[in-house]
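As given, the protein sequences belong to chains S and Z, one line each in that order.
Here the first sequence is numbered in full-length UniProt numbering, starting from 1 and rising by one per residue.
Here the second sequence is numbered in full-length UniProt numbering, starting from 1 and rising by one per residue.
Cβ coordinates follow ideal geometry from the N, Cα and C atoms, glycine included.
2 protein chains.
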Amino acid sequence: MAPLPSKLAYVPFVSVENMMRLVHHIGIEKVLTDLADQIEADFRRWPLFDKTPRVASHSDVGVIELMPTSDGETYGFKYVNGHPKNMAEGLQTVTAFGLLADVNSGYPKLLSEMTLLTALRTAATSAMAARHLAPKGARTMAMIGNGAQSEFQCLAFKAVCGIDSVRLYDIDPAATERCARNLAGSGLTVVKCRSSQEAIEGAQIITTCTADKQYATILTDNMVGSGVHINAIGGDCPGKTELHRDILLRSRIFVEYPPQTRIEGEIQQLDPDHAVTELWQVIAGDVAGRADDRQITLFDSVGFAIEDFSALRYVAQAIAGTPFFTRLDMIADPDDPRDLFGMFQRAADSVAA
Amino acid sequence: MAPLPSKLAYVPFVSVENMMRLVHHIGIEKVLTDLADQIEADFRRWPLFDKTPRVASHSDVGVIELMPTSDGETYGFKYVNGHPKNMAEGLQTVTAFGLLADVNSGYPKLLSEMTLLTALRTAATSAMAARHLAPKGARTMAMIGNGAQSEFQCLAFKAVCGIDSVRLYDIDPAATERCARNLAGSGLTVVKCRSSQEAIEGAQIITTCTADKQYATILTDNMVGSGVHINAIGGDCPGKTELHRDILLRSRIFVEYPPQTRIEGEIQQLDPDHAVTELWQVIAGDVAGRADDRQITLFDSVGFAIEDFSALRYVAQAIAGTPFFTRLDMIADPDDPRDLFGMFQRAADSVAA
Chain S
1 MAPLPSKLAY VPFVSVENMM RLVHHIGIEK VLTDLADQIE ADFRRWPLFD
51 KTPRVASHSD VGVIELMPTS DGETYGFKYV NGHPKNMAEG LQTVTAFGLL
101 ADVNSGYPKL LSEMTLLTAL RTAATSAMAA RHLAPKGART MAMIGNGAQS
151 EFQCLAFKAV CGIDSVRLYD IDPAATERCA RNLAGSGLTV VKCRSSQEAI
201 EGAQIITTCT ADKQYATILT DNMVGSGVHI NAIGGDCPGK TELHRDILLR
251 SRIFVEYPPQ TRIEGEIQQL DPDHAVTELW QVIAGDVAGR ADDRQITLFD
301 SVGFAIEDFS ALRYVAQAIA GTPFFTRLDM IADPDDPRDL FGMFQRAADS
351 VAA
Chain Z
1 MAPLPSKLAY VPFVSVENMM RLVHHIGIEK VLTDLADQIE ADFRRWPLFD
51 KTPRVASHSD VGVIELMPTS DGETYGFKYV NGHPKNMAEG LQTVTAFGLL
101 ADVNSGYPKL LSEMTLLTAL RTAATSAMAA RHLAPKGART MAMIGNGAQS
151 EFQCLAFKAV CGIDSVRLYD IDPAATERCA RNLAGSGLTV VKCRSSQEAI
201 EGAQIITTCT ADKQYATILT DNMVGSGVHI NAIGGDCPGK TELHRDILLR
251 SRIFVEYPPQ TRIEGEIQQL DPDHAVTELW QVIAGDVAGR ADDRQITLFD
301 SVGFAIEDFS ALRYVAQAIA GTPFFTRLDM IADPDDPRDL FGMFQRAADS
351 VAA
C-alpha cells in the first residue's frame with residue numbers, strides 16, 4: 001500500500017448519495033430555511049464579493065458554464081450545464097458540481113455534487129426574495145412549470161414564506177400529476193389546474209419555471225392582476241424568456257446581478273437601460289422593496305454565483321462531524337513542496353499495481 | 001444501503017495516488033513523449049478550439065484560475081492556484097485538478113488530479129516546442145531554477161529531444177542537490193553549477209523556471225550567445241518575468257496564445273504590438289520555425305488551456321481498462337429526469353444513516 005497522503009492532500013467530497021443523506025438527516029424544510037438565511041446573509045454583504053458574469057461555452061445543443069466568486073477569504077465556483085434536449089434522451093437538463101477553496105493558500109476545501117444542491121439553493125433564493133417582496137399574508141402560490149425544480153420551490157415557499165396552498169400547471173399533465181404526488185404528505189394543499197389562467201386564480205405569488213430554450217409566453221398581460229409577486233426563474237439564458245413584455249412594463253423588477261440578468265433574464269426583452277432594482281440593496285436596507293399592496297413585484301432570477309457560494313459554505317459547515325462525506329486524494333502534497341518529483345519517484349515501489 | 005446510482009451518474013476520478021501508479025505503470029519517459037505528441041496534435045488543429053484567457057481571481061497573496069476550452073466535442077477546464085508564499089509554509093505553490101465533459105450532453109466524463117499532470121504537460125509542451133525550435137543536434141540543456149518543475153523538464157527534453165546532459169543552477173544549492181539526486185539513474189549526465197553563467201556554458205537549450213512573483217533577471221543580455229533556444233517558463237503572470245528585456249529584443253519569440261502571453265509572459269516587458277509568432281502556426285506548417293543556426297529562439301511559455309485539455313484526454317484514454325481510477329457518484333441521474341425530487345424522496349429510507 002502507498003504511504004497515506006498528508007491531511008492537506010485530502011479534499012472533503014459530498015456525493016449525490018451523501019447529499020441526499022445529509023438533507024434527509026437535517027430535514028428538507030430546515031435545509032431550505034437555513035439556505036435562505038445563509039444566502040440572505042451573503043446578499044447583505046454583496047459589495048464584498050468578487051463578481052463576474054458566468055464563463056459560458058456554448059454549442060448548438062446547450063451550454064457549459066463556470067460560475068466563480070470570492071469573498072476574499074473563500075473562493076467558490078460551480079460547473080453547470082444546460083441542455084434542454086437532454087430530457088428527451090433520459091438525461092438531466094442541468095447537472096452541476098461545485099468547489100470551495102481557501103483564498104490564502106489556493107487549496108481546495110470542499111468538492112460537492114450540486115445538481116440537488118442547485119435545486120435547493122434556487123428554491124431558497126426564490127423564497128428569500130419573496131420574503132422581502134411578496135404581499136403580506138400571502139398563502140397561495142401558483143406553480144407554473146412542474147418539472148424537476150417545482151417541488152423544491154413549493155417546499156421552500158412553505159418553509160420560508162408560510163405558503164399553505166399551491167396551484168400546479170404544466171403543459172404536460174403527467175408532470176403536474178407527478179409533482180402533486182411528490183407533494184402529498186408535505187402539509188401543502190395541492191390543486192392541479194388545467195391552465196395557467198386557472199393556476200393563478202387567487203394566488204398572491206406566481207412562480208414560473210419552464211424549460212423551453214426559446215421565447216415563450218407563459219403569462220400574458222391580461223392574466224396578471226395587481227398586488228402579486230412574480231417569481232420568474234425559467235427565463236435564464238439568451239433567447240429563453242417566459243413573460244410577455246407588457247407584464248414587465250407594469251412591474252417593479254428586482255434582479256440579482258444586472259450585467260448578467262440583462263443578457264439572460266426576462267429583461268433581455270427591455271431596453272438596456274430600463275430601471276431595475278438589485279435585490280441585495282433591498283436586503284441591506286438601502287432601497288425599499290414592495291411599495292404597496294397593489295404593486296406587481298417581479299423577481300427576474302437567473303441564478304448567480306454568490307447563491308452557489310452560500311450553498312457550498314452551508315454544506316461545508318453542515319457536514320462537519322457527520323459521516324456524510326468522504327475524502328478525496330485530489331491534491332499532491334509532498335513533504336517538501338519543492339520535491340514533487342521525489343514524491344512521485346519514492347512512490348514507485350509502494351504504488352506498484 | 002442506497003440503490004446504486006445509474007452508470008451515467010458515475011464520473012471516473014484519477015487521484016494523486018492513481019496518477020502516480022498510472023505514470024509508473026506506463027513509464028514516465030513514455031508518458032512525456034505521448035503527451036508531447038498529443039499536445040502537438042491538438043496544436044495542429046488550434047483554430048478549432050474555443051479559446052479564452054484564463055479566468056483569474058487575484059488576492060494579495062496569490063491567484064486562483066479557471067482555464068476552460070473546448071474542441072466542439074469535448075469540453076475541459078483546469079482549476080489551478082499560484083501562491084508563491086506557500087512554499088515557506090510547507091505547501092505547494094501550485095495545485096490543480098481538471099475535468100473533461102461531453103459537449104453534447106454536458107455530463108462530466110473525467111475528474112483528475114492535475115498537480116502532477118500539470119508538471120508533466122508543462123514539461124511535454126516545452127520539449128514539443130523545442131523539437132521544432134532548438135538547434136539541430138542539441139545535446140546539452142541548462143536548467144536554471146531547480147524547483148518542483150525541474151526534473152520533469154529534464155526528463156522531457158531527454159525523452160522528446162534527445163538531450164543527454166543537463167547543467168543545473170538554483171540560488172538555493174539545496175534545490176540543485178535535490179534535483180541532481182532525483183535525476184541520478186535517469187541516464188542523464190548531471191552537472192551542478194554555481195551560477196547561471198556557469199550553467200549555460202555549452203548549452204544549446206536554456207530552460208528558466210524560477211518562482212519569484214516579481215520582475216527578476218535570471219539571464220542578462222551578455223550571458224546569451226547566438227544559436228540557442230531559450231525555454232522560458234517561470235515568467236507566467238503579471239509582474240513575474242525572468243529575462244532581461246534586451247534578450248527578448250535579440251530573439252525570435254514564439255508564444256502559445258498572444259492575448260494571454262502579452263499579459264503574463266516575458267513579452268509583458270515589450271510594446272503590445274511587438275511581433276511574435278504563434279507556436280501552433282509553426283507546427284501546422286504555416287510559418288517557418290528556426291531560421292538558421294545562429295538565431296536565438298525563445299519560447300515564452302505561460303501554459304494554455306489546450307495543453308491541459310490534451311493531457312486530460314491522454315489520461316482519459318490511458319486509464320481505460322486499468323485499475324488506476326475510481327468512480328465518483330457526482331451527478332444526480334434520476335430514472336425520470338424530471339423527477340429529481342422523487343429520487344431524493346425515495347432515497348429517504350434507503351439512505352437513512
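How about residue i and residue j: are their beta carbons less than 9 Å apart?
i	j	result
Z/Met143	Z/Cys161	no
Z/Ile331	S/Thr115	yes
S/His132	S/Thr322	no
Z/Gly76	Z/Val94	no
S/Arg290	S/Ala134	yes
S/Gly265	S/Val224	no
Z/Gln204	Z/Arg139	yes
Z/Leu219	Z/Ile233	no
S/Asp50	S/Asp71	yes
Z/Ile200	Z/Arg167	yes
S/Ser57	Z/Val103	yes
S/Ala119	Z/Phe254	no
Taking the straight line between their C-alpha atoms, what separation do you get for residue i and residue j?
i	j	result
S/Ala347	S/Leu243	60 Å
Z/Ala2	S/Arg21	With a pLDDT of 45 at Z/Ala2, under the threshold of 50, the predicted position of this residue should be treated as unreliable, though the coordinate-derived value follows. Cα-Cα distance, rounded: 10 Å.
Z/Gln295	Z/Arg252	7 Å
S/Ala353	Z/Ser15	Unreliable positioning characterises S/Ala353 in this predicted model, as indicated by a pLDDT of 46, which lies under 50. The coordinate reading is nonetheless provided below. Approximately 14 Å between the Cα atoms of the pair.
S/Asn146	S/Asn182	11 Å
S/Ile39	S/Thr125	7 Å
Z/Leu4	Z/Pro334	With a pLDDT of 49 at Z/Leu4, under the threshold of 50, the modelled position of this residue cannot be trusted; read the value that follows with caution. About 11 Å.
Z/Ala156	Z/Tyr10	34 Å
S/Met128	S/Leu35	9 Å
S/Leu110	Z/Asp273	42 Å
Z/Ala130	S/Arg44	53 Å
Z/Gly101	Z/Gly239	As written in the sequence, residue 101 of chain Z is Ala, which differs from the Gly given in the question. Spanning the two alpha carbons is a distance of roughly 34 Å.
Z/Glu73	S/Met87	20 Å
Z/Asp170	S/Leu48	41 Å
S/Pro108	S/Leu99	7 Å
S/Gly187	S/Ala180	12 Å
Z/Pro258	S/Leu117	39 Å
S/Val191	Z/Ala318	54 Å
The alpha helix (DSSP H) spanning residue i covers which residue range?
i	result
S/Met143	Run containing S/Met143: none in the alpha helix (DSSP H); it sits in the beta strand (DSSP E), 140 to 144.
S/Ile39	28 to 44
S/Glu89	It is not in any alpha helix (DSSP H) - S/Glu89 carries neither H nor E in the DSSP assignment.
S/Lys158	150 to 161
Z/Ser57	That residue, Z/Ser57, is in no alpha helix (DSSP H); its beta strand (DSSP E) goes 55 to 58.
Z/Ile283	279 to 283
Over the uninterrupted beta strand (DSSP E) stretch that includes residue i, give me the two end residues.
i	result
S/Lys136	Here S/Lys136 belongs to no beta strand (DSSP E), and DSSP marks it neither H nor E.
S/Gln304	What sits at residue 304 of chain S in the sequence shown is Phe, not Gln. That residue, S/Phe304, is in no beta strand (DSSP E); it is neither H nor E in DSSP.
Z/Arg327	326 to 329
Z/Arg173	Residue identity differs from the one stated: residue 173 of chain Z is Pro in this sequence, not Arg. Run containing Z/Pro173: none in the beta strand (DSSP E); it sits in the alpha helix (DSSP H), 173 to 183.
Z/Val255	252 to 255
Z/Arg262	Note, Z/Arg262: premise wrong, no beta strand (DSSP E); alpha helix (DSSP H) at 258 to 264.
S/Leu111	108 to 113
S/Phe49	Per DSSP, S/Phe49 belongs to no beta strand (DSSP E) and is neither H nor E.
Z/Ser186	Run containing Z/Ser186: none; DSSP gives neither H nor E here.
Z/Leu270	Neither: Z/Leu270 is in no beta strand (DSSP E) and is coded neither H nor E.
S/Ala101	96 to 102
Check the C-beta distance from residue i over to residue j and give it rounded, since I have them as a contact under 8 Å.
i	j	result
S/Ser112	S/Leu312	6 Å
Z/Leu279	Z/Ile267	Going by Cβ atoms, the distance from Z/Leu279 to Z/Ile267 rounds to 13 Å, so no, they are not a contact pair.
Z/Asp42	Z/Phe299	The Cβ separation is near 17 Å, so there is no contact.
Z/Ala216	Z/Lys78	Wrong, their Cβ atoms sit about 26 Å apart, outside the cutoff.
S/Cys237	S/Val23	Rounded, the Cβ-Cβ distance is 27 Å, inconsistent with contact.
Z/Pro68	S/Val55	6 Å
S/Leu178	Z/Arg338	Reading off the sequence shown, one finds Arg at residue 178 of chain S, where the question assumed Leu. Their Cβ separation, rounded to whole angstroms, is 7 Å, which keeps S/Arg178 and Z/Arg338 in contact under 8 Å.
Name the residues in the segment 152 to 182 of chain Z whose C-beta lies less than 7 Å from a C-beta of chain S; which are they? Phe152, Ala175, Arg178, Asn182
If contact means a Cβ-Cβ distance below 7 Å, which residues of the segment 214 to 240 of chain Z contact chain S? none
Name, going along the chain, the residues of the segment 335 to 346 of chain S whose beta-carbon falls closer than 7 Å to a beta-carbon of chain Z. Pro337, Arg338, Asp339, Leu340, Phe341, Gly342, Phe344, Gln345
May I ask you to list, following chain order, the residues of the segment 309 to 326 of chain Z that have a beta carbon less than 7 Å from some beta carbon of chain S? Pro323
Near-chain Z residues of the segment 34 to 45 of chain S - C-beta to any C-beta below 7 Å: none
The segment 113 to 131 of chain S: positions lying closer than 8 Å to chain Z by Cβ: Glu113, Thr115, Leu116, Ala119
May I ask you to list, following chain order, the residues of the segment 250 to 277 of chain Z that have a beta carbon less than 7 Å from some beta carbon of chain S? none
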